[in-house]
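Trainee: Residue numbers for the sequence shown follow numbering that gives the first Met the number 0, beginning at 0 and rising by one.
Even for Gly, the Cβ is constructed at its ideal location relative to N, Cα and C.
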Amino acid sequence: MGGVEYLFKNLIEGLSKRGFEVSVLTRRLKGTPRQETIEGVKILRIRTFNRYLFTFLSLPMAIIMGRGCNLIHTTTFNGAFPAWVASRIWGVPIVITIHEVWLNKWRTLTDMNWGSAAIHSFLERLIYLLRFDFYIAVSHSTENQLIEAGIEKKRLKAVYNGFEHEFFSPERYDGNIVRERHGLGDAFVCFSWGRPGVSKGHEYLVKAIPLIVKAIPHARFLLMLSGRDSYKKRYRYLTGLIQRLGLNEKVLLIDPVPRQELGHYLKSADCIVIPSLAEGFGYTVLEACRMGRPVVASNTTSIPEVIGGKYVLVEPKSPEAIVKGVEMVYHGKYTISDMKVFAWEKAISEYANIYEKLSSTVQ
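#1: Let's test the definition: count the other Cβ atoms within 10 Å of the Cβ of I63 and tell me whether it reaches 16, buried, or not, exposed.
#2: Below 7 Å CB to CB, which residues in the same chain sit around H263 once its five sequence neighbours on both sides are set aside?
#3: Fully enclosed by the region 157 to 239, which beta strand (DSSP E) runs are 3 residues long or longer?
#4: Whose C-beta lies closer than 6 Å to the C-beta of K309 among residues of the same chain, with five residues either side of it excluded?
#5: Using only the alpha-carbon positions, how far apart do Y203 and L70 sit?
#6: Please determine, among S358, P303, I215, S359, the residue with the shortest C-alpha to C-alpha distance to E326.
#7: Per DSSP, what kind of secondary structure is F133 in: helix, strand or coil?
#8: For the alpha helix (DSSP H) that contains K8, what are its first and last residues?
#9: Whose C-beta lies closer than 8 Å to the C-beta of N298 among residues of the same chain, with five residues either side of it excluded?
#10: Are there 16 or more other CB atoms within 10 angstroms of the CB of G279, so buried, or fewer, so exposed?
#11: When DSSP labels each residue in this structure, what does K345 get in the three-state scheme?
#12: What residue range does the alpha helix (DSSP H) around L43 cover?
#13: Mind checking who C270 pairs with in its DSSP beta bridge?
#14: Buried or exposed for A342, please, with buried defined as at least 16 other CB atoms from any protein chain shown within 10 angstroms of its CB.
#15: Taking just the CA atoms, how far does K16 sit from Y354?
#16: Any idea which residues DSSP pairs A79 with across the strands?
#17: In three-state terms, what does DSSP make of Q362?
#18: With respect to the beta strand (DSSP E) encompassing A323, which residues constitute its N-terminal and C-terminal limits?
#19: By a C-beta neighbour count over all protein chains shown, 10 Å radius and 16 as the cutoff for buried, is F55 buried or exposed?
#20: Apart from the five residues just before and just after L357, which ones in its own chain have a Cβ nearer than 8 Å to its Cβ?
#21: Please classify H72: does DSSP put it in a helix, a strand, or coil?
#22: Mapping the DSSP letters down to three states, classify E35 as helix, strand or coil.
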């Protein structure tokens, strides 16, 4: 589950518990019913060949569902246009949550060719040209990027996502389970995980490994990559890079595990590396920091806003900076600060306040 899905799942559940009547229109994935009601939340799914077609095929149902509601809430990218059309037809206020702004970055943050990246940037620009009643950014980094993109500050607010701090409490997990499972013994373990997309920057960590091993010969690296089917080209690139650099004995490629087991891997690590090129909010950063392990993370976008505990911030896109950061962790030379708390109750309250204000002022 990505950050967008995680936000809306918890937001919907929280609003429903507060007495809001919530209906959801989303894309139908294989194995899911066309419609169902979960804890009072009505969910309708539209089957489409890909996510791009959802923009158009969901439009009739978005218009039908928009009639009679008090407010429409959408997000980037593919659901924004049909939600906006429905809101304009029925005169219903509309809120859009923006997780990341990728204008003119599609070429550098994805493996798209120039033409495809230009089209995506153009379509994203069109979304920002539509007039939504209110914009919610999930971090101040995203908020500032939206202002640069031309969004009026008076229609914009940063509302941090919530985070389940108790779920990632270190007392719940045992790193020795992972060390024994993979025969790591007393190795200096570095762990990194996530989808193998360009924006996650895993290749910079892989390129740093030969230099890290020179400085820390007993270092071992656990790399957990999810979404292989969706990122086949990138996955092949990363595994090929590991082979070309002769790192098969040092790098263990780990299959993704259920969320309730991720904490064991986080706790097993002596150093957690998050080499992202961009993060809208940065759940991986919070999960790592909450486990109390030292973190080496890119000094970019929202990461400095959410990071806490033991950490070293490094220049993004730089294997050399990652090497230096890991060496600093190895020698105990990292920043120590208080953990930052992101409560779901606070996030849900802020969303509810925005809804209520819009419903009473937008005609």
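Mentor: Here's the rundown:
#1: Mapped onto the sequence shown, residue 63 falls at position 64. With fewer than 16 other Cβ atoms inside 10 Å of its own Cβ, I63 counts as exposed.
#2: Your numbering for residue 263 matches position 264 in the sequence shown. Excluding sequence neighbours, H263 sits near Y172, D173, G174, I176, V177.
#3: Within the region 157 to 239, the complete beta strand (DSSP E) runs of at least 3 residues are 187 to 193, 218 to 224.
#4: For the purposes of this step, residue 309 is taken as residue 310 along the sequence shown, with counting starting at 1. In chain order, P293, Y333, I335 place their CB closer than 6 Å to the CB of K309, counting only its own chain and leaving out the 5 sequence neighbours on each side.
#5: Reading the sequence shown from its first residue, position 204 is the one you call residue 203. Reading the sequence shown from its first residue, position 71 is the one you call residue 70. Spanning the two alpha carbons is a distance of roughly 43 Å.
#6: The count along the sequence shown starts at 1 and reaches residue 326 at position 327. Checking every option, the nearest Cα to that of E326 belongs to I215.
#7: Walking along the sequence shown from the start, residue 133 turns up at place 134. Look at F133 here: in three-state DSSP terms it is strand.
#8: Residue 8 sits at position 9 when you count from the first residue of the sequence shown. For K8, the enclosing alpha helix (DSSP H) stretches over residues 2 to 16.
#9: As a working mapping, residue 298 is identified with position 299 in the sequence shown. For N298, where only same-chain residues beyond five positions count, the Cβ hits under 8 Å are L312, V313, E314, P315.
#10: Here residue 279 refers to the residue found at position 280 when the sequence shown is read from its first residue. When all chains shown are included, G279 counts as buried.
#11: For this step, residue 345 is matched to residue 346 along the sequence shown. Assignment of K345 by DSSP, reduced to helix, strand and coil, places it in the helix class.
#12: Taking the sequence shown and counting its residues from 1, one reaches residue 43 at position 44. Going by DSSP, L43 is part of no alpha helix (DSSP H) but of the beta strand (DSSP E) stretching over 40 to 46.
#13: Looking up residue 270 in the sequence shown gives position 271. Its beta-bridge partners are C189.
#14: Here residue 342 refers to the residue found at position 343 when the sequence shown is read from its first residue. A residue is called buried when at least 16 other Cβ atoms come within 10 angstroms of its Cβ; A342 does not meet this threshold and is exposed.
#15: As a first step, residue 354 must be located in the sequence shown, where it is residue number 355. As a first step, residue 16 must be located in the sequence shown, where it is residue number 17. Inter-residue distance for Y354 and K16 is about 16 Å (C-alpha atoms, whole angstroms).
#16: Walking along the sequence shown from the start, residue 79 turns up at place 80. Listed as beta-bridge partners of A79 by DSSP are no residues whatsoever.
#17: What you label residue 362 is simply residue 363 of the sequence shown in a count that begins at 1. Bear in mind that a pLDDT of 48 at Q362, under 50, signals an unreliable position, so the number given afterwards is only what the model happens to contain. In the three-state reduction of the DSSP assignment, Q362 falls in the coil class.
#18: Mapped onto the sequence shown, residue 323 falls at position 324. In the sequence on display, residue 323 carries Lys and not Ala. First-last for K323: 318 to 329, but that is the alpha helix (DSSP H), not the beta strand (DSSP E).
#19: Here residue 55 corresponds to residue number 56 of the sequence shown, with the count starting at 1. Flag for F55 reads exposed.
#20: Position 358 of the sequence shown, counted from the start, is the residue given in the question as residue 357. Non-local C-beta neighbours of L357 in its own chain, meaning closer than 8 Å and more than five positions away in sequence, comprise L70, P92, V94, D132, F133, ordered along the chain.
#21: Taking the first residue of the sequence shown as 1, we reach residue 72 at position 73. If DSSP states are grouped into helix, strand and coil, H72 belongs with the strands.
#22: In the sequence shown, counting from the first residue as 1, residue 35 sits at position 36. Secondary structure of E35 (DSSP, three-state): strand.
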